[in-house]
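Undergrad: Structure below; questions to follow.
In this note's numbering, the protein residues as written are 5 to 247.
This is the structure:
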């Protein structure tokens with residue numbers, strides 16, 4: 005994915021705010037890129053604009069074949085649909101046959117470990133299971149780019165760690181390019197091949213860092229602790245960053 009000289013302004017009249025100005029970013033295919041920055045800097049706004057969920061802005065965004073998936077912070081499941089049919093909603097508009105749709109849904113149910121839960125309803129699922137359904141719905145289109153907006157932030161630490169490991173395994177199996185938003189430095193180091201730090205108003209890239217540790221990453225590994233210490237120091241410095 006490539007963003008070229010993009011500017012995003014929200015609000016109207018005296019409430020207008022330029023969130024990004026002449027902003028450019030290029031993502032390497034088959035990697036997890038994490039957007040890290042303080043709350044309110046514009047991370048979620050950037051994802052929503054890339055996904056076409058915000059009004060058009062200046063500049064351009066290019067994604068090969070424009071196949072995208074989106075995983076929100078909340079699962080946003082339809083309570084009147086089963087797990088299978090919630091995932092199937094992600095195939096809307098692709099023109100697949102019923103058998104092709106079934107095959108796609110079966111494929112992602114297996115990927116996220118929910119094959120035995122396909123006939124259950126959202127109210128019967130745990131928080132972690134609901135987020136797995138949301139992830140499956142994002143993957144079912146076989147996207148070139150998967151956008152993830154703090155998808156694990158509302159989960160308990162154990163479930164969060166489990167889903168982080170699952171995401172890494174799925175990404176390695178599918179080679180999906182992922183743009184992942186968080187403000188959690190440990191999550192960023194655990195997941196990312198590359199960390200983009202944002203700060204300021206309008207927001208700009210302050211650091212562009214590669215993480216070379218192989219997956220899966222253990223918090224007990226000395227190199228993990230070293231990278232985490234570096235990222236935390238950089239992140240703490242953003243608090244007083246002015247553009």
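Ideal Cβ positions, reconstructed from N, Cα and C, are used throughout, including at glycine.
The model shown is predicted, which means the values in this text are computed figures rather than measured ones.
Is residue 215 helix, strand or coil by DSSP?
TA: coil
Undergrad: Counting only the same chain and skipping the five closest in sequence on each side, list residues whose C-beta sits under 6 Å from that of residue 13.
TA: Around residue 13: 20 and 22.
Undergrad: For residue 109 versus residue 80, is the C-beta spacing smaller than 8 Å?
TA: no
Undergrad: Which stretch, first to last residue, makes up the beta strand (DSSP E) that contains residue 234?
TA: Here residue 234 belongs to no beta strand (DSSP E); instead the alpha helix (DSSP H) covers 226-241.
Undergrad: Taking the CB atoms as reference points, tell me whether residue 142 and residue 129 lie closer together than 8 Å.
TA: No.
Undergrad: Taking the alpha helix (DSSP H) that residue 166 falls in, what are its first and last residues?
TA: 161-178
Undergrad: Within the same chain, show all residues whose beta-carbon is closer than 7 Å to that of residue 169, passing over the 5 residues directly before and after it, in chain order.
TA: 220
Undergrad: Does the beta-carbon distance from residue 4 to residue 5 come in below 8 Å?
TA: With the chain covering 5 to 247 only, the question about residue 4 has no answer from this structure.
Undergrad: Go to residue 193, then tell me how far its alpha helix (DSSP H) extends in each direction, as first and last residue.
TA: Its alpha helix (DSSP H) spans residues 189-195.
Undergrad: Roughly how far, in whole angstroms, is the beta-carbon of residue 153 from the beta-carbon of residue 193, given that I think they are within contact range, below 8 Å?
TA: The Cβ separation is near 19 Å, so there is no contact.
Undergrad: Could you tell me which residues DSSP puts in a beta bridge with residue 73?
TA: 150
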